[in-house]
Amino acid sequence: MAQHYSSIKAFELWNEPSQGVFFSGTPEEYAALARIASAELKAVDPEVLLVVGGFTATEVDWQLAAARAGALAVADVISFHFASDVPPHAAGGFSAYLEELEALIARFRGLAANTTQNPNPRLWNTEGGTMDTSLLANMPLEVGLPPPQCLSPPS
69 MAQHYSSIKA FELWNEPSQG VFFSGTPEEY AALARIASAE LKAVDPEVLL
119 VVGGFTATEV DWQLAAARAG ALAVADVISF HFASDVPPHA AGGFSAYLEE
169 LEALIARFRG LAANTTQNPN PRLWNTEGGT MDTSLLANMP LEVGLPPPQC
219 LSPPS
């Protein structure tokens with residue numbers, strides 16, 4: 069792919085690989101895939117970034133096993149997905165939201181520090197938001213989206 073799409077400077081290896089709906093392999097198979105992807109990408113363009121992860125905030129054991137198997141050791145970037153149940157627009161919510169995000173960043177930094185030679189890896193949040201949709205309640209929306217049940221504050 070790097071050969072045919074030279075304008076692309078970063079490739080993410082899978083989306084949420086710990087979720088069986090996206091990747092049915094084991095953490096060890098994911099790490100092997102990461103090693104192959106790194107070698108192939110770097111052979112074409114040594115500057116291209118291999119982004120490993122798309123990891124969710126959950127599935128900690130799966131991520132640890134993948135890291136121990138070497139998935140993070142070949143990564144130029146570790147990507148993660150952060151979504152919070154904390155409504156950021158509620159009183160004190162934004163601070164709590166940031167605390168959750170900072171804790172997740174610290175966890176991935178620690179994972180890298182314990183399984184690679186890089187204690188300060190590049191981290192990218194490649195998907196995120198809040199699970200709370202009450203902020204949409206008064207927004208004019210077309211085409212009936214989101215569904216009405218998403219416009220009500222959670223009970």
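All the letters of the sequence shown, read from the start, carry residue numbers 69 to 223 under the numbering used here. Built from N, CA and C at the ideal position, the CB exists for glycine as well.
Beta-carbon proximity of residue i to residue j, cut-off 8 Å
| i | j | result |
| --- | --- | --- |
| residue 159 | residue 196 | no |
| residue 143 | residue 102 | yes |
| residue 113 | residue 74 | yes |
| residue 179 | residue 139 | no |
| residue 168 | residue 154 | yes |
| residue 184 | residue 141 | yes |
Backbone CA spacing between residue i and residue j [nearest angstrom]
| i | j | result |
| --- | --- | --- |
| residue 122 | residue 163 | 24 Å |
| residue 79 | residue 115 | 11 Å |
| residue 125 | residue 81 | 17 Å |
| residue 188 | residue 177 | 6 Å |
| residue 127 | residue 107 | 27 Å |
| residue 137 | residue 83 | 18 Å |
| residue 97 | residue 181 | 21 Å |
| residue 132 | residue 166 | 23 Å |
| residue 109 | residue 161 | 41 Å |
| residue 175 | residue 104 | 26 Å |
Beta-carbon proximity list for residue i, same chain, < 6 Å, skipping 5 on both sides
| i | result |
| --- | --- |
| residue 145 | 117, 119, 190 and 192 |
| residue 99 | 134, 137, 138 and 139 |
| residue 48 | Residue 48 cannot be examined here, being either before or after the span of the chain that is shown, 69 to 223. |
DSSP bridge partner residues for residue i (one or two, in chain order)
| i | result |
| --- | --- |
| residue 148 | 123 and 193 |
Close-in-space but distant-in-sequence residues of the same chain around residue i (CB under 7 Å, 5 per side omitted)
| i | result |
| --- | --- |
| residue 173 | 191 |
| residue 86 | 123, 124, 127, 130 and 131 |
| residue 186 | 180 |
Proximal residues to residue i (C-beta, below 8 Å), its chain only, five neighbours per side dropped
| i | result |
| --- | --- |
| residue 147 | 80, 119, 120, 121, 122, 123, 191, 192, 193 and 194 |
| residue 88 | none |
| residue 149 | 84, 122, 123, 124, 125, 193, 194, 195 and 196 |
Quiz prompt | Ordered list of alpha helix (DSSP H) runs contained in the segment 77 to 144, each at least 4 residues | solution = As far as the segment 77 to 144 is concerned, its whole alpha helix (DSSP H) runs of at least 4 residues are 95 to 112 and 128 to 136.
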